[in-house]
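Before any comments, here is the structure.
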Amino acid sequence: MLTTTLLPVLSALVGTALGAPAEVSPRATAEIQPTAVIQDTHWSGQNVCNPSTLQVTRTNTGHDLTTLLTFTYPAGVAGKQCWLDFNVPASATVSPTGAAGLAKIDVFRQWAPVNTCPSQGNNRDIQLGRLNVPGPGKAATWDVVYNGYLTSKAPCPAPGTVVGIEFVGVGDAETVAWKQSAGFGARILYA
1 MLTTTLLPVL SALVGTALGA PAEVSPRATA EIQPTAVIQD THWSGQNVCN
51 PSTLQVTRTN TGHDLTTLLT FTYPAGVAGK QCWLDFNVPA SATVSPTGAA
101 GLAKIDVFRQ WAPVNTCPSQ GNNRDIQLGR LNVPGPGKAA TWDVVYNGYL
151 TSKAPCPAPG TVVGIEFVGV GDAETVAWKQ SAGFGARILY A
């Protein structure tokens with residue numbers, strides 16, 4: 001009787017005291033999806049607003065596509081850490097050209113977000129870094145970081161702040177195409 005009564009109580013106490021196992025790396029509590037997306041076609045000057053498929057294409061013929069992303073920070077970011085993430089959906093198209101078998105994307109900050117269509121250019125400012133895109137269903141990683149802005153965890157800006165990011169292809173012939181959805185695509189994470 002004593003064993004059957006104490007065993008569940010002791011198990012509950014030990015479980016409560018130990019808690020859940022700690023994560024190796026802290027995860028984001030939320031994400032910010034783009035509030036506006038523009039596909040910038042460099043060869044024709046035409047832009048596509050909020051396309052269903054986002055694409056970064058680099059060719060050696062000058063028919064390049066870049067993706068302009070606008071993010072608006074919500075109230076929940078106050079006092080949190082923010083960083084840029086690119087989680088490539090399994091349904092994405094990734095055609096790498098590098099010797100390592102990775103597609104690469106250069107990431108730029110915009111001096112002013114481009115959130116109207118047609119846009120008057122890309123407002124490209126400083127290069128933040130270069131992402132390695134290993135393929136569909138995998139998260140991109142930073143190959144090179146030139147600036148700490150969104151390339152690592154840092155205090156989030158004030159709620160309501162609007163920022164622009166541009167994804168640009170690297171190399172002679174590569175394509176990365178994806179559909180944005182919760183948990184996938186280009187997003188700002190915060191925790």
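Taken in order, the sequence shown gives residues 1 to 191; the numbers are from my numbering. Even for Gly, the Cβ is constructed at its ideal location relative to N, Cα and C.
Residue burial is scored here from C-beta neighbours: A90 has fewer than 16 other C-beta atoms within 10 angstroms and is therefore classed as exposed.
Shown here, G79 sits in coil according to DSSP, grouped into three states, outside any helix or strand. Of the residues G148, T116, R124, the one whose Cα lies closest to the Cα of Q110 is R124.
Membership of G129 in the beta strand (DSSP E) is indicated by the continuous run 124-133. Per the DSSP secondary-structure output, P157 pairs with nothing in a beta bridge. Cβ-Cβ separation between V114 and F167: approximately 13 angstroms, too far for a contact (criterion under 8 angstroms).
Excluding its 5 nearest sequence neighbours in each direction, A30 has C-beta neighbours in its own chain below 7 angstroms: G76, Y190, listed in chain order. A contact is defined here as three or more CB-CB pairs under 8 angstroms, and the segment 136-153 fails this definition with respect to the segment 52-64. D40 counts as buried, since no fewer than 16 other beta carbons sit within 10 angstroms of its beta carbon.
About 6 angstroms separates the beta carbon of V133 from that of I105, a gap short enough to meet the 8 angstroms contact definition. Judged by their CB atoms, T53 and K138 are not nearer to each other than the 8 angstroms cut-off.
Counted as a single uninterrupted DSSP element, the beta strand (DSSP E) harbouring K104 occupies residues 103-110. Distance between V176 and H63, taken at the CA atoms: about 14 angstroms. In the three-state reduction of the DSSP assignment, D143 falls in the strand class.
Just so you know, the alpha carbons of L68 and V94 end up roughly 18 angstroms apart.
With a beta-carbon spacing of about 7 angstroms, A112 and G164 fall inside the 8 angstroms limit used to define contacts.
When the five nearest sequence neighbours on each side are left out, the beta carbons in the same chain lying within less than 8 angstroms of the beta carbon of T141 are those of L131, N132, P134, in order along the chain.
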